[in-house]
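S.K.: Here's a structure for you.
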Amino acid sequence: MSRAGPATRAVLRGAFTDAAARRSAFWTQIGAMIANDLAWVAFWVIFFQEVSSVRGWDVDRVLLLLAVLCTSAGLVLGLLSNSRRIPTLVADGSLDEVLTLPVAPLPHLLVRRLDTVNLGDVAFGLVLFAVTAQPSPQRTLVYVAGTLASAVLLTGFLVLTGSLVFFTGRSESGDLGLNAVLLLASYPADVFAGATKVLLYTAIPAAFVSGVPSELVDDFDVGDAALLLGVAGLFAALGWATFTAGLRRYSSGSAWGRG
Amino acid sequence: MTAPMLRRLGVPADVSGRRLLASRDGLVVSVLFYLIVSGVLSALWRAAAGEHGEVAGYTALALTWYVFTAEAATCAINVRLIEEVGDEIGSGAVAVEMLRPLPVVAVRLAAEVGRCTARLAVLLGPGATYAWLVAGPPPHAAAAVLALPSLVLAVTANLCLQHALAGSAFWLRDTRAMWFLYQKLVFLLGGMLLPLEVLPGVLRDVAMALPFMAMSYAPARLASGHLEPWLLLVQAGWVVVLAALAGAVFAAGQRRLQVVGG
Amino acid sequence: MGTPDRLGGGPAIEAVGVTKRFRAAGSTGSTSAVDAVHDLTLSVQHGERLAFIGPNGAGKSTSIKMLTGILHPTAGTARVLGLVPWQQRRTLSERTGTLFGQRSQLWFELSPRQSLRMLAAIYGMDRPQETRRVAELGELLDAADLFDVPVRSLSLGQRMRCELAACLLHEPAILFLDEPTIGLDLLAKRRFRELLVTLNEEGGTTVFLTSHDVADIEHVAQRVVVISAGRLIYDDSVPAMRRTMLSTKLVDVGLEHAGASLELDGVSVLEQGDSSARLSVDTTRISIREVLGVVLDVWSVSDISVVDPPLEQVIAEIYAERRS
Chain A
2 MSRAGPATRA
12 VLRGAFTDAA
22 ARRSAFWTQI
32 GAMIANDLAW
42 VAFWVIFFQE
52 VSSVRGWDVD
62 RVLLLLAVLC
72 TSAGLVLGLL
82 SNSRRIPTLV
92 ADGSLDEVLT
102 LPVAPLPHLL
112 VRRLDTVNLG
122 DVAFGLVLFA
132 VTAQPSPQRT
142 LVYVAGTLAS
152 AVLLTGFLVL
162 TGSLVFFTGR
172 SESGDLGLNA
182 VLLLASYPAD
192 VFAGATKVLL
202 YTAIPAAFVS
212 GVPSELVDDF
222 DVGDAALLLG
232 VAGLFAALGW
242 ATFTAGLRRY
252 SSGSAWGRG
Chain B
19 MTAPMLRRLG
29 VPADVSGRRL
39 LASRDGLVVS
49 VLFYLIVSGV
59 LSALWRAAAG
69 EHGEVAGYTA
79 LALTWYVFTA
89 EAATCAINVR
99 LIEEVGDEIG
109 SGAVAVEMLR
119 PLPVVAVRLA
129 AEVGRCTARL
139 AVLLGPGATY
149 AWLVAGPPPH
159 AAAAVLALPS
169 LVLAVTANLC
179 LQHALAGSAF
189 WLRDTRAMWF
199 LYQKLVFLLG
209 GMLLPLEVLP
219 GVLRDVAMAL
229 PFMAMSYAPA
239 RLASGHLEPW
249 LLLVQAGWVV
259 VLAALAGAVF
269 AAGQRRLQVV
279 GG
Chain C
2 MGTPDRLGGG
12 PAIEAVGVTK
22 RFRAAGSTGS
32 TSAVDAVHDL
42 TLSVQHGERL
52 AFIGPNGAGK
62 STSIKMLTGI
72 LHPTAGTARV
82 LGLVPWQQRR
92 TLSERTGTLF
102 GQRSQLWFEL
112 SPRQSLRMLA
122 AIYGMDRPQE
132 TRRVAELGEL
142 LDAADLFDVP
152 VRSLSLGQRM
162 RCELAACLLH
172 EPAILFLDEP
182 TIGLDLLAKR
192 RFRELLVTLN
202 EEGGTTVFLT
212 SHDVADIEHV
222 AQRVVVISAG
232 RLIYDDSVPA
242 MRRTMLSTKL
252 VDVGLEHAGA
262 SLELDGVSVL
272 EQGDSSARLS
282 VDTTRISIRE
292 VLGVVLDVWS
302 VSDISVVDPP
312 LEQVIAEIYA
322 ERRS
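Chains as they are written, first to last, in my numbering: chain A, 2 to 260; chain B, 19 to 280; chain C, 2 to 325.
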C-alpha cells in the first residue's frame, strides 16, 4: 500500500512526541534500568572469577549474549512497546480505536506507542558490545543484523503469546510469556540439559533471542544464520496469524460490560 | 508493644494471609515464576559445580537448595512494595490510617508479614519438591529445619527495611528508583544471585556486615547444609534494628504530615 | 461538501437478522451464552438522522461495533455503503467516521492538530487537503482555538468537539456515534446535538447515534429505533413516537407545606407528600403551561421542574402498546 509508509512514519512521529511529553521520572527510570543491567554484568563478572568457564561459556561470551539481549529487548519494548500489552488492550476493548481506522491493525497497534525508557537498555547493550566484544566492522555488522533478527523474533513471540487472550480470555499470560523468555534468554542455553534445552530452541525460543545471534558474532556460520532468520520469520508469521484469527473473536470488552 | 496490641496485630496478619490464598490465579503465576527462576539459576550453578566439583565450598546439591531457598525468600515478597507504599503515602491514603489506634507501620508490617508468610508456605512445597527431584534431599536435615524460621525472619527483615525506605516518600515524591537499587543490592550483596562465599575478599566482608545477608543468604546457607544457628541470632538482631528504623521513619514522616499537610 | 458517496444506490446501512452471541465462562466453570444482539433487522437511508436508543446493556454498542466491522456477528448479514463491514473493514472505514463517547482517537499529550496530522496521513490526504479540511472543521465545529491546546488540557465538551473533527477529517458519508454526549453538561450537550444536525442538513452526512438519553431523540433524530435486551422493539419516525409515546411529562414539585389534593383532567398524581409531589401529565389532553398554572395557584410551591419520562418508562409504554 503506497499509504503505509507515510502513515507509519506519521504514527511513529506522533508516538515519539507523545512519549517525550511524558517526561516524569524519565531519567530516574533510565538510571534504574542501567543499574539493573550493570548488576547483571557484575553478577557474571563475579561468577566467572570464581568459575572460569561453564560448558564452554566464559565471561566474554556471556557479556556478548547480554549485549544482544539488552539491545534486542530494548528495541522491542521501547519501539514496539504495545507488543507486550496485547492482552490488556484486548481485554479492555482498546482495539476499537485501531479498528475504526483504515489501517492494518497489528502494525498500527505496535508502532502506536513508544516506551522511550527502554532505549536505555538499547544504549547499554551497544556500549557493552563496544567495550567488551572487540568490535570489528565484520563483528559489528553481524551483531547488528543478529540483534535485529532477534528483535523480530521477540516481537513475534510476544504477539503470539499475547494473542492467546482472544481465545482464553486471561490477560496475565502476556506478562508471564515476556518474563519467561527474557529470563531464559539471559543465560547461555548450554547450561540447561535435555527437555529444557529443547524448549529453548522451540516453544520459548530464548536461545534464538540471545544465544544464537551472539554465537554468530564469534563464529559466523551461514547455516545458523539462515536458521535464525527462519525462526524469526516463523514466529513473526505465527504471531500475525494468531492475532488476525483472534480478531474474529474480539469482543471489545463487551463480555464484561455489555452495551 | 503490650500483649493485647500484639494480639490485635495478629488480625491484619491473618486476614492478609487469607486474602492472598484466595486469589488463586495470582498465586499460580507466582509459583510458576518462582519455579522457573529457581530452576534456571540452579541449573547454572549445577553446571558450574559439575565441571569443577564444587564452587566456593558448595556442591551441586548444596547449590540447588541454596538457590531455591534464597529465591523463596525474595519471591515471597511483593516486588512492588516500596513503590506501592510510596504511592500510598504520596496520595494521602496513609493519612487515613493514622486515625487508627495502632501505629501505622506496625499494622502494615503485620499485614505484610502475614501475606508473605502465606506466600512462602505456598512456594516451599513446589520448590522443595522440584529441588529434591532435580538434585536430591537437603544435605543436612537439622540445618534445613532451621531454615524455616530463618525464612520467616528473612522476610520480616526485608519488609522492615523496605518500609523504612518507602517511608522516604513522606519527603521525596518518587520512590521507584530506590526500589530498583534496593532490589539489586539484595540480589548481589544479600546472597540471592550468588552465595556470599563467591564474592571476592573485601566485598564478602562488607556483604556479611550489611543487613541484606539476613534477607536471603542466612536461610539459604542453612538449607544448603551448613548448621550455623548463630545466623538466626544475627537475623533476629537485624529485625529489631530495621523494625525500629521503619518505626522511626514513619513516626517522623507522620509528624511531618501533621505539620506540613498531606 | 459534495453529495455523499453512494455505492450501488441502495440504503446506506442494511442489516438483516444480525445476532451476536457471547459465551461467558461462569464462576463455576460452566459456560452460558447470551445474545447481546438478537435478530437485528434495520435499514437506514442516505442522509437520515437516526437515534438508536436503549438502556445500558441493551446491545447498542455491540450493534454499532458490528456495523463498523469491529465485531464479527454470530449470525445475519449487513451491508454498509454496499460493503460487508467485518469483511471489508478497512475500505469501509475510509468512508465512515466513528466516535465512541468513552474512547479517544486523539493522543492525550499532543494537541488535536498533531493527532489530525497523523490521521490525515492514515487517510492518505496530502498536506494542502489536510490544511484546508482542518481549517474547515475548525470553523464548522467552532474549535479552531482548541486545535493547538494539548488534549489533556481540554474540558470534556471541548475534547468531544475535537474528537468529532477527527472522525470528520476524511469527509465520511456516515457518522457513527456511540454515546457521544455522556458526561457532558447540558450546554455542551446542546451544542453537540446542534452540530450533528448541521452536519446532516448541510453536509448530507448520515448520522447514526446511540444513546440512553431520551433527549437525544427530541433534539437530534428524525427516526428512532429502540433496542432492549438485544432486541429491536420500536422503529418509527420521531414525530410518530412523540405522538404516541412521548406525550407524557413528569412534573416534580417541591412544597413548602402539604397541599390539597389535585384533580385535573390529564394529570395523575403519582406521589404527594408534605414536602414534595410528582405528577404525570398527558400533554395531549392538557398543556404543561396550564398544569403549572393550576399547581402554582393551588399549592405553596418552593421548587418545580418538568422532566422527560425516564427511558425505562418509554420502553415500558412500548411493551404495553405492543400487548394491547
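Where is the CB? At the ideal position from N, CA and C, for every residue including glycine.
Values in this document were obtained by computation on a predicted structure and should not be read as measured data.
(1) Mind pulling the chain C residues with CB within less than 7 Å of V12 of chain A?
(2) Please confirm if I87 of chain A has its CB atom under 8 Å from at least one CB of chain B.
(3) Would you kindly report the start and end of the unbroken alpha helix (DSSP H) that includes I65 of chain C?
(4) Given that L185 of chain A touches chain B, what residues does it touch there, using C-beta distances under 9 Å?
(5) Reducing DSSP to helix, strand and coil, say where V252 of chain C ends up.
(6) Based on the DSSP secondary-structure assignment, which residues constitute the bridge partners of Q273 of chain C?
(7) Per the DSSP calculation, T203 of chain A is bridged to which residue(s)?
(8) Under 9 Å between beta-carbons, which chain C residues line up against L165 of chain A? List them in chain order, please.
(9) Which value, in whole angstroms, describes the spacing of the CA atoms of Q201 of chain B and G158 of chain C?
(10) Which of the three DSSP states, helix, strand or coil, is assigned to L263 of chain C?
(11) CB S215 of chain A to CB L65 of chain A, shorter than 8 Å?
(12) Considering only C-alpha positions, which residue in the set A:N83, A:D191, A:F130 and A:Q139 is nearest to R107 of chain A?
(13) Decide if G185 of chain B is buried, meaning its Cβ has at least 16 other Cβ atoms within 10 Å, or exposed.
(14) Taking all protein chains shown into account, do 16 or more other C-beta atoms lie within 10 angstroms of the C-beta of V122 of chain B, making it buried, or fewer, making it exposed?
(15) When you compare each of A:A74, A:V153 and A:P189 to G234 of chain A by their alpha carbons, which one comes out closest?
(16) Does the distance from the CB of S62 of chain C to the CB of T211 of chain C come in under 8 Å?
(17) Under 8 Å between beta-carbons, which chain B residues line up against Q50 of chain A? List them in chain order, please.
(18) I think G255 of chain C touches D309 of chain C, with their Cβ atoms under 8 Å apart; what is that distance to the nearest whole Å?
(19) Report yes or no: is there a C-beta of chain C within less than 8 Å of the C-beta of T117 of chain A?
(20) Within its chain, find whatever has a CB closer than 6 Å to the CB of G267 of chain C; leave out the 5 residues flanking it on each side and keep chain order.
(21) Looking at C-beta atoms only, is the number of pairs between the segment 95-111 of chain A and the segment 96-113 of chain C that lie closer than 8 Å three or more?
(22) Hey, is A208 of chain A's beta-carbon within less than 8 Å of any beta-carbon in chain C?
(23) Take A74 of chain B as the anchor and find which of B:S242, B:L199 and B:A261 has the nearest alpha-carbon.
(24) Using a Cβ-Cβ cut-off of less than 9 Å, list which residues of the segment 64-93 of chain C approach chain A; keep chain order.
(25) With a CB to CB cut of under 6 Å and the five nearest residues on each side skipped, what residues in its chain are close to R24 of chain C?
(26) Listing by chain order, which chain C residues have their CB less than 7 Å from the CB of T18 of chain A?
(27) Should S1 of chain A be labelled buried (16 or more other beta-carbon atoms within 10 Å of its own) or exposed?
(28) Is T20 of chain C close to the ligand ZN? I mean its beta-carbon at under 7 Å from any heavy atom of the ligand.
(29) So for H244 of chain B, helix, strand or coil by DSSP?
(30) Which residues in the same chain have their Cβ closer than 7 Å to the Cβ of R126 of chain B, if we skip the five residues on either side of it in sequence?
(31) Leaving out five residues on either side along the sequence, give the residues of the same chain with a beta carbon under 8 Å from the beta carbon of T97 of chain C.
(32) Roughly how many whole angstroms lie between the Cα atoms of P157 of chain B and W45 of chain A?
(33) Is it the case that the segment 194-209 of chain C contacts the segment 127-139 of chain C, given that we only count it when at least three CB pairs across the two stretches are under 8 Å?
(34) First and last residue of the beta strand (DSSP E) that includes F101 of chain C?
(35) At which residues does the beta strand (DSSP E) containing R232 of chain C begin and terminate?
(36) Taking just the CA atoms, how far does R222 of chain B sit from L177 of chain B?
M.R.: On the basis of the coordinates in this document:
(1) Chain C residues near V12 of chain A: M119.
(2) Cβ-Cβ to chain B under 8 Å: no for I87 of chain A.
(3) Boundaries of the alpha helix (DSSP H) around I65 of chain C: K61 to L68.
(4) Those are I54 and V58, listed as they occur along chain B.
(5) Taken through DSSP and simplified to helix, strand or coil, V252 of chain C comes out as strand.
(6) Answer is C:A278.
(7) Residue pairing by DSSP leaves T203 of chain A without any beta bridge partner.
(8) Correct list: empty, because the minimum Cβ distance to chain C is about 15 Å.
(9) One alpha carbon belongs to Q201 of chain B, the other to G158 of chain C, and they sit about 45 Å apart.
(10) It is coil, neither helix nor strand.
(11) Yes; because the gap between Cβ atoms is below 8 Å, this pair is in contact.
(12) Note on identity: in this sequence residue 107 of chain A is Leu, with Arg being the wrong assignment. For the residues A:N83, A:D191, A:F130 and A:Q139, the minimum Cα distance to L107 of chain A belongs to A:N83.
(13) G185 of chain B is buried by the Cβ-count criterion.
(14) The residue is buried, with at least 16 neighbouring Cβ atoms inside 10 Å.
(15) It is A:V153 whose Cα lies nearest to the Cα of G234 of chain A.
(16) Their beta carbons are under 8 Å apart, which means S62 of chain C touches T211 of chain C by this criterion.
(17) Ordered by position in chain B, the residues that pass the 8 Å Cβ test against Q50 of chain A are P218.
(18) So it is not a contact: roughly 19 Å between Cβ atoms.
(19) No, T117 of chain A does not count as interfacial toward chain C.
(20) Only D283, R286 and I287 meet the Cβ criterion.
(21) Yes, the segment 95-111 of chain A touches the segment 96-113 of chain C.
(22) A208 of chain A does not count as touching chain C.
(23) When only C-alpha atoms are compared, the closest one is B:S242.
(24) Residues passing the 9 Å Cβ filter: K66, T69, G70, I71, L72, H73, W87, R90, R91, T92 and L93.
(25) Cβ neighbours of R24 of chain C beyond the five flanking positions: T32 and A34.
(26) Those within 7 Å of T18 of chain A in chain C are L111 and Q115.
(27) Only positions 2 to 260 of chain A appear in this structure, which leaves residue 1 of chain A out of reach.
(28) Ligands displayed in this structure: none; no statement on the ligand ZN is therefore possible.
(29) H244 of chain B: coil per DSSP, three-state reduction.
(30) Within the same chain, R126 of chain B has close Cβ partners H181.
(31) Only T69, V81, L82, P173, A174, I175, L176 and F177 meet the Cβ criterion.
(32) Taking the straight line from one Cα to the other gives about 27 Å.
(33) Not touching, per the Cβ criterion.
(34) Element bounds for F101 of chain C: T97 to F101.
(35) From DSSP, the beta strand (DSSP E) with R232 of chain C extends over R232 to S238.
(36) Cα-Cα distance, rounded: 23 Å.
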